[in-house]
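Protein chains in written order, with our numbering: chain A, 55 to 150; chain B, 1044 to 1528.
Idealized CB from N, CA, C, for every residue including glycine.
This report concerns only the one structure given below.
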Amino acid sequence: MSVLSQALWVLLLGSLLGLELIGKVPPTLHTPLMSGANAISGITLLASLTLIQKAGDNQALLLISALSLGFALYNVVGGFLVTDRMLAMFRRKGDA
Amino acid sequence: MTSSFLSMDLLTDAIDLVAVLLLALGIKGLSKVRSARGANQLAAVAMGLAVLGLLIEIQPGPLAWLWIAAGSAAGGLAGLITARRVPMTAMPEVVALFNGSGGLASLLVAVGVSIFDSASADMVALVSIAISVFVGSITFTGSIVAMAKLQGWLDTPAWTQSSVRHVVNIALAVLALVGAVLLPGDPTGLPLWLLLIGSSLLGVGVTLPIGGADMPVVISLLNSYSGVAAAAAGFVVGSQLLIVAGAMVGSAGLILTQVMCTAMNRSLLSVLFGGALGASGGGAVGGGGSEAGYTRITSCSAEECAMALEQAERVVFVPGYGLAVAQAQHALRELSKLLEAHGVEVSYAIHPVAGRMPGHMNVLLAEADVPYEQLIEMDLINPEFPRTDVVIVLGANDVVNPDAKSDPTSPLYGMPVLEVDQARQVFVVKRSLGAGYAGIANALFELPQTAMVFGDAKAVLNGLLSELRSMGVGKVVAKKAKVAV
């Protein structure tokens, strides 16, 4: 299988998986779920890291990819933390 | 791939697979109350694993490490500070801000490869660059506009409510498309800028006309786009993990957007292309949104309201946007504690879109320590209103408008609402008679059993607290409680 068709299969199966993952969501969780999914979309930081490696000693490209890494990580770290802050409040009284 | 050892490849592949599995479980777990917090942490661990796997695979040199450290420190620290400092009421804006940041990251990767590294890029990478720039730009500018509108930094300009906007947006889309088609032939020149500028402005043009009430849906959709942008960036740099994770977030985000639209009784198409609710259909509203539209308003003081509360056996609070703005959730909790001590049965009616986005009100009330069990969803509380003595509406408007059930000409017609007009007595705490998000007059305010208590939600609640205390409500706890039993 060529690299491209393999990548397209991955794209297709990933999309189908995403469609199946979320079924009914109680309205209570709409905001946290959106925020959590948003943090995961920061996974584009993998692309930033790869690009920093590929940049070699090209300073301009290093700068662009490091900036990209910063923005992606801002999304990831901030996203997971605010989601956690929101969800921490849903503890019921009986829960430890 | 720098490592030629078979075992090394196996290791990084295994790490990637585990990361994808955990991410999928994380997204799934986030949709259930019980598992949500753990699922979020699981997803964070998965993200860490993915980064670890990649670092093992690419083995960055000293110079690369330096830039990685600099970028990580800046972004990570900024994220930490933002997440700690942001008040719960500003959550929608912050999600939009984070989302825009993620879109910008994908965009920068694509632009960087296009300008500096396109010599080694094949056709697949070049097409992916075009897609990534297009989606990344729209995500970035769209999210920033959404944030600015939620913060109140941006209004909805009048021209964006006319059909002129469709012409402008189509022109921008064509501009971007021309750039995208030409880009693979000339990755460093004019087409890139055409695409970049066209799609950035398109992101603004599409988001600007949308009203505040619909903004959560837009943010959710843009969140789905940032998944697509990440998947496209995965094609650009050749990372299957990125492709699968981006695709997962993209399609899961689409489902969530659909779920949210259903909860708000809006169709995605009308959110995207219909303009701000109420504003575009000016004729149908009939100018009822202005103060002059009301003729039979009764207003009352905090004292009268407190007297009604003191007599009541069953009280339902309807918290809304105004409560969130006034930061009055703690005062509300205190008032309900006092009433409960007095033997009054207290609950909170939560409309699916109460607050500023679905689920937002639950978060705010949970922050004020309101027991989860007292928050009752619309379908369960509606049959209870006829046996409710007093309903207090705190800064909610459209979600309690009875026209949505009875008046087919109302723009709200068909939206599920809290049927507070069925209760014996309704007090509406509101700063003024201004219209709600949707800009529509509320027939509830003119009903005979309704009285308006004008003022800031927090000030009114504190006023009620002191009135009740001066009536001695807190002191006769034991006596009344026994009678109630």
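Could you tell me the distance, in whole angstroms, from the CA atom of S1313 of chain B to the CA atom of A1191 of chain B?
Near 22 angstroms, if we compare the C-alpha coordinates of A1191 of chain B and S1313 of chain B.
Listing by chain order, which chain A residues have their CB less than 7 angstroms from the CB of G1254 of chain B?
Ordered by position in chain A, no residue passes the 7 angstroms Cβ test against G1254 of chain B, which lies about 18 angstroms from the chain.
For M1166 of chain B, does the count of other Cβ atoms within 10 angstroms reach 16, so buried, or fall short, so exposed?
By the 10 Å Cβ count, M1166 of chain B comes out exposed.
Of all the beta strand (DSSP E) runs that stay within the bounds of the region 1331 to 1404 of chain B, which reach a length of 3 or more residues?
With a minimum length of 3 residues, the continuous beta strand (DSSP E) runs that stay inside the region 1331 to 1404 of chain B are 1357 to 1362, 1388 to 1393.
Suppose contacts are defined by Cβ-Cβ distances below 9 angstroms. Is Q1468 of chain B in contact with A1351 of chain B by that definition?
Yes, the pair counts as a contact, with Cβ atoms nearer than the cut-off.
Could you give the DSSP three-state label for K1473 of chain B: helix, strand or coil?
Looking at K1473 of chain B - three-state DSSP - the assignment turns out to be strand.
Should A1322 of chain B be labelled buried (16 or more other beta-carbon atoms within 10 Å of its own) or exposed?
Legend: pLDDT at A1322 of chain B = 40, less than 50; position of this residue unreliable, value from coordinates given subsequently. Label assigned to A1322 of chain B: buried.
Of all the CB atoms in chain A, is at least one closer than 9 angstroms to the CB of S1310 of chain B?
S1310 of chain B does not count as touching chain A.
Given this structure, state the Cα-to-Cα distance separating L1097 of chain B from L100 of chain A, to the nearest angstrom.
Distance between the alpha carbons of L1097 of chain B and L100 of chain A is about 7 angstroms.
Which term fits K1473 of chain B, buried or exposed, when burial requires 16 or more other beta carbons within 10 angstroms of its beta carbon?
K1473 of chain B comes out buried.
Check for me: the beta strand (DSSP E) holding L1437 of chain B runs from which residue to which?
Run containing L1437 of chain B: 1433 to 1437, per the beta strand (DSSP E) assignment.
Using the DSSP secondary-structure output, state which residues sit across from T1493 of chain B in a beta bridge.
Answer is B:V1469.
Report yes or no: is there a C-beta of chain A within less than 9 angstroms of the C-beta of N1083 of chain B?
Yes, N1083 of chain B counts as interfacial toward chain A.
Using the beta-carbon count (16 or more within 10 Å), is D1229 of chain B buried or exposed?
The residue in question, D1229 of chain B, is exposed, as its Cβ has fewer than 16 Cβ neighbours within 10 Å.
Can you check the region 1142 to 1213 of chain B for any alpha helix (DSSP H) of at least 4 residues that lies completely inside it and give the ranges in chain order?
The region 1142 to 1213 of chain B contains these whole alpha helix (DSSP H) runs: 1166 to 1194.
Quick one: what does DSSP say L1418 of chain B is sitting in, helix, strand or coil?
DSSP places L1418 of chain B in strand when its eight states are reduced to three.
Here's a check: name, in chain order, each residue in its chain whose Cβ is nearer than 7 angstroms to the Cβ of A1276 of chain B, leaving out the five neighbours to either side.
Result list for A1276 of chain B: S1149, V1152, A1153, S1175, L1285, in chain order.
Can you have a look at L1095 of chain B and say buried or exposed, based on whether 16 or more other CB atoms are within 10 angstroms of its CB?
Classification for L1095 of chain B: exposed.
Using a C-beta cutoff of 9 angstroms, does G1122 of chain B count as contacting chain A?
Judged by the 9 angstroms Cβ criterion, G1122 of chain B is in contact with chain A.
Quick test of the definition: if touching needs 3 or more C-beta pairs under 8 angstroms, does the region 1287 to 1295 of chain B touch the region 1060 to 1080 of chain B?
A contact exists between the region 1287 to 1295 of chain B and the region 1060 to 1080 of chain B.
For E181 of chain A, count neighbouring C-beta atoms within 10 Å of its own C-beta (all shown protein chains included) and say buried if the count is 16 or more, exposed if not.
In the structure displayed, chain A extends from 55 to 150; residue 181 of chain A sits before or after that span and is not available.
For L1476 of chain B, collect the residues of the same chain with a Cβ closer than 8 angstroms to its Cβ; drop the 5 residues on either side in sequence, then sort them by chain order.
E1334, Y1337, I1340, F1488, M1495, listed in sequence order.
On the three-state DSSP scale, how would you describe R1077 of chain B?
In this structure, R1077 of chain B counts as coil in the three-state DSSP scheme.
On the CB-based measure, 16 or more other CB atoms within 10 Å of its CB, does Q60 of chain A come out buried or exposed?
Exposed, because fewer than 16 other Cβ atoms sit within 10 Å of the Cβ of Q60 of chain A.
In angstroms with no decimal places, state the Cα-to-Cα distance between A1173 of chain B and S1242 of chain B.
Their Cα atoms are separated by approximately 11 angstroms.
Can you tell me whether W1110 of chain B is buried or exposed? The criterion is at least 16 other CB atoms within 10 Å of its CB, across all chains shown.
It counts as buried.
Of all the CB atoms in chain A, is at least one closer than 9 angstroms to the CB of A1148 of chain B?
Yes - at least one Cβ of chain A is within 9 angstroms of the one on A1148 of chain B.
Whole angstroms is fine: what's the gap from L1237 of chain B's alpha carbon to V1442 of chain B's?
Rounded to the nearest angstrom, the two C-alpha atoms are 44 angstroms apart.
CB-CB under 7 angstroms to L1245 of chain B, same chain, minus the five flanking residues each way: which ones, in chain order?
These residues qualify, in order along the chain: I1181, N1212, L1215, A1216, A1219.
State yes or no: is the C-beta of Q107 of chain A within less than 9 angstroms of the C-beta of I1101 of chain B?
It is a contact, given that the beta carbons lie within the stated cut-off.
Cα separation between K1429 of chain B and R1357 of chain B?
Before going further, note that residue 1429 of chain B is Pro rather than Lys in the sequence given. C-alpha separation (whole angstroms): 11 angstroms.
Would G1506 of chain B be called buried (16 or more neighbouring beta carbons within 10 Å of its own) or exposed?
That one is buried.
What in chain B is Cβ-close to L102 of chain A, meaning under 8 angstroms?
Per the sequence shown, residue 102 of chain A should be read as Ser rather than Leu. What S102 of chain A touches in chain B: G1114, A1148, L1151, V1152.
Looking only at its chain, what residues have a beta carbon closer than 7 angstroms to the beta carbon of A109 of chain A, apart from the 5 residues adjacent to it on each side?
The answer, listed in chain order, is L115, L116, S119.
Do V136 of chain A and A1134 of chain B count as a contact pair if the criterion is CB distance below 9 angstroms?
At residue 1134 of chain B the sequence reads Met, which differs from the Ala that was named. Yes, the Cβ-Cβ distance between M1134 of chain B and V136 of chain A is below 9 angstroms.
For a test of the three-state rule: what should DSSP assign to S1267 of chain B, helix, strand or coil?
Note: S1267 of chain B maps to helix in three-state DSSP.
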